[in-house]
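Report on the following structure.
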Amino acid sequence: MGPTASGKTALAVSLVERFPLEIISVDSALVYRGMDIGSAKPDAATRARAPHHLLDIRDPTDAYSAAAFCDDARRLMADIVARGRVPLLVGGTMLYFRALLRGLDDLPRADPALRKELEAEAKVRGWPALHAELAAVDPATAARLAPNDSQRIGRALEIFRLTGTPMSALLDRAQSELPYRVLQLALIPSDRAVLHQRIAARFDAMLAEGLVDEVEFLRRASALSPDLPAMRAVGYRQAWAYLDGDIDMKALREQGLAATRQLAKRQLTWLRSWPDAVVLDCLAEDLETQATTLVACHLRPWRPL
């Protein structure tokens, strides 16, 4: 687990090359086909070295939820174990990790009528106003969400209005049902400024590699709208605004970097209070050695390849 640009994929690949592991992606953007550049999807060479599960399993017009992830991940984990190997879950979508570890059984199903009501309210009041409303009834959840994160703000308010209980409280009551012994590694940088430098370098690389062209192609090829979860992903919503003529390239970069830094901040907020996590400095020169030692101990009596 770790924030964006913390080196999760590189570390995971190095572990796969040493141990009988298979990677399951824990990322709400990597599930979408055609969203390669802006999601920092592992390239073909990386996937040849270490195949990844749960990449390219949905069209950008489709929704993908924490519940769907749990179903897919549990099935894959059982298959991997049946083959005599060990699942290695890698990503930064912290809600997916939490749902898998602690369950989502206490959360009500989506209510289409209430969802439409919330969307109508947002058109009149704006999502920041609904975020403020959420902060009043569920400050723990609101603190992890950006004021314009319409999908997650809407879901949290929907849950509160349906149950009268904050989503954070329901999540706290949920219990893990995973039949596995779990080692949780959290990559947290010792210097936030260095992480921000990595974020900037990666975002600039995405722009140079054709992020805007990627979004333009997706817009032509699919019946997309800016309200879809896929297009609300960091980088994609800024590229959409650029293509609509709402912002220029300078603003695209500035807003994209700011949104990515905010995403990393929210991910770190999750991780700093994460129970049972073994914290590793993702900037440490011996990160790979530390992780290898921990995994080797955890996998006993498994033997490295």
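Each residue of the sequence shown is one higher than the one before, counting from 245 in the working numbering. Just so it is clear, CB atoms sit at the ideal spot from N, CA and C, and this is done for glycine as well.
If you draw a straight line from the C-alpha of A380 to the C-alpha of R505, how long is it?
Along the sequence shown, read from residue 1 onward, the residue named residue 380 stands at position 136. Along the sequence shown, read from residue 1 onward, the residue named residue 505 stands at position 261. C-alpha separation (whole angstroms): 25 Å.
Taking three-plus beta-carbon pairs below 8 Å as touching, is the stretch 505 to 522 in contact with the stretch 430 to 445?
Judged by Cβ distances under 8 Å, the stretch 505 to 522 makes contact with the stretch 430 to 445, as three or more pairs qualify.
Which residues share a DSSP beta bridge with Y276?
Sequence index remark: in the sequence shown, residue 276 carries index 32 (1-based). Among the bridge pairs identified by DSSP, Y276 is matched with R302.
Of the choices F461, E460, P352 and L431, whose alpha-carbon is the least far from that of R550?
Residue coverage of the chain in this structure runs from 245 to 549, which leaves residue 550 outside it and unanswerable.
Could you give the DSSP three-state label for P286: helix, strand or coil?
Here residue 286 refers to the residue found at position 42 of the sequence shown. Correct three-state label for P286: coil.
Pick from V325, G278, P433 and A311 that is closest to Y340, judged by C-alpha positions:
In the sequence shown, the residue the question calls residue 340 occupies position 96. With distances taken between Cα atoms, Y340 lies closest to A311.
Which of the three DSSP states is assigned to I443 in this structure?
By one-based count along the sequence shown, residue 443 stands at place 199. Three-state result, I443: helix.
Could you check where the beta strand (DSSP E) with L429 kicks off and where it finishes?
In the sequence shown, residue 429 corresponds to position 185, counting from 1. Taken as a continuous stretch (DSSP letters only), the beta strand (DSSP E) holding L429 covers Q428 to L431.
Where I403 sits in the DSSP three-state scheme:
By 1-based counting over the sequence shown, the position of residue 403 is 159. Note: I403 maps to helix in three-state DSSP.
E498 versus A256 - alpha carbon distance:
The sequence position of residue 498 within the sequence shown is 254, counting from 1. The sequence position of residue 256 within the sequence shown is 12, counting from 1. Rounded to the nearest whole angstrom, the C-alpha separation of E498 and A256 is 30 Å.
Exposed or buried, C541, counting other C-beta atoms within 10 Å across all chains shown (16 or more means buried)?
Position 297 of the sequence shown holds residue 541. The residue is exposed, with fewer than 16 neighbouring Cβ atoms inside 10 Å.
Length of the line joining the Cα atoms of P548 and L468
Looking up residue 548 in the sequence shown gives position 304. Looking up residue 468 in the sequence shown gives position 224. Summary for P548: the model assigns pLDDT 43, below 50, so the residue's position carries little reliability; its value from the coordinates is reported in the next sentence. Rounded to whole angstroms, P548 and L468 show a C-alpha spacing of 45 Å.
In its own chain, which residues sit with a C-beta less than 7 Å from the C-beta of L265, not counting the 5 before and 5 after it?
Numbered from 1 along the sequence shown, position 21 holds the residue referred to as residue 265. Once the five neighbours on either side are set aside, the close Cβ partners of L265 are L259, R329, V330 and L332.
Considering just the uninterrupted stretch of the alpha helix (DSSP H) at I281, what are its terminal residues?
The residue labelled residue 281 in the question sits at position 37 within the sequence shown. Counted as a single uninterrupted DSSP element, the stretch harbouring I281 is not any alpha helix (DSSP H), since DSSP gives it neither H nor E.
Reduced DSSP category for V478 - H, G, I as helix; E, B as strand; rest coil
Residue 478 sits at position 234 when you count from the first residue of the sequence shown. The answer is coil: DSSP assigns V478 none of H, G, I, E or B.
In chain order, what residues of the same chain lie with their CB nearer than 6 Å to the CB of I491, ignoring the 5 residues before and after it?
One-based indexing of the sequence shown puts residue 491 at position 247. Same-chain partners within the cutoff: A485.
On the three-state DSSP scale, how would you describe R547?
By 1-based counting over the sequence shown, the position of residue 547 is 303. For R547, the predicted structure reports a pLDDT of 48, less than 50, and the residue's modelled location is therefore unreliable. A value from the coordinates is still provided. Correct three-state label for R547: coil.
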